[in-house]
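K.L.:
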Amino acid sequence: MHRIYNSPIKVYVTILLVGVIGIFCFLKLPLTLFPRVSKPSIIVTMQYGSLSPSEFRSLYGSEIESGIDQLKSNSL
């Protein structure tokens, strides 16, 4: 610890070096105005036999939708 107090130039040079490296790294970060992101999506296909799509939706649609709503985004 006394070495640090005896040679403050080393401390200043170290701080300056860390600062310059930090600024250099910050300037090299890839930044985009509109980054590419993809929204998660789920496609559900069900066999509904002889029922029409509207009948199937009225019978089972709310159950399927509530089950999908309970999914957490980290479980996809």
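Residue numbering for the sequence shown follows our numbering, beginning at 13 and increasing consecutively. Just so you know, even glycine gets a beta-carbon here, dropped at the ideal spot from N, CA and C.
1. Skipping 5 residues on each side, what residues in its chain have a beta carbon closer than 7 Å to that of Ile54?
2. What residues in its chain sit with their C-beta under 8 Å from that of Leu71, if we drop five residues either side in the sequence?
3. Indicate whether Val56 and Ile76 have their beta-carbon atoms separated by less than 8 Å.
P.N.:
Taking the definition as stated:
1. Taking the sequence shown and counting its residues from 1, one reaches residue 54 at position 42. Taken in chain order, the residues that qualify are Ile80.
2. If you number the sequence shown from 1, residue 71 lands on position 59. These residues qualify, in order along the chain: Leu63.
3. Indexing the sequence shown from 1 puts residue 56 at position 44. Indexing the sequence shown from 1 puts residue 76 at position 64. A contact, by the Cβ cut-off of 8 Å.
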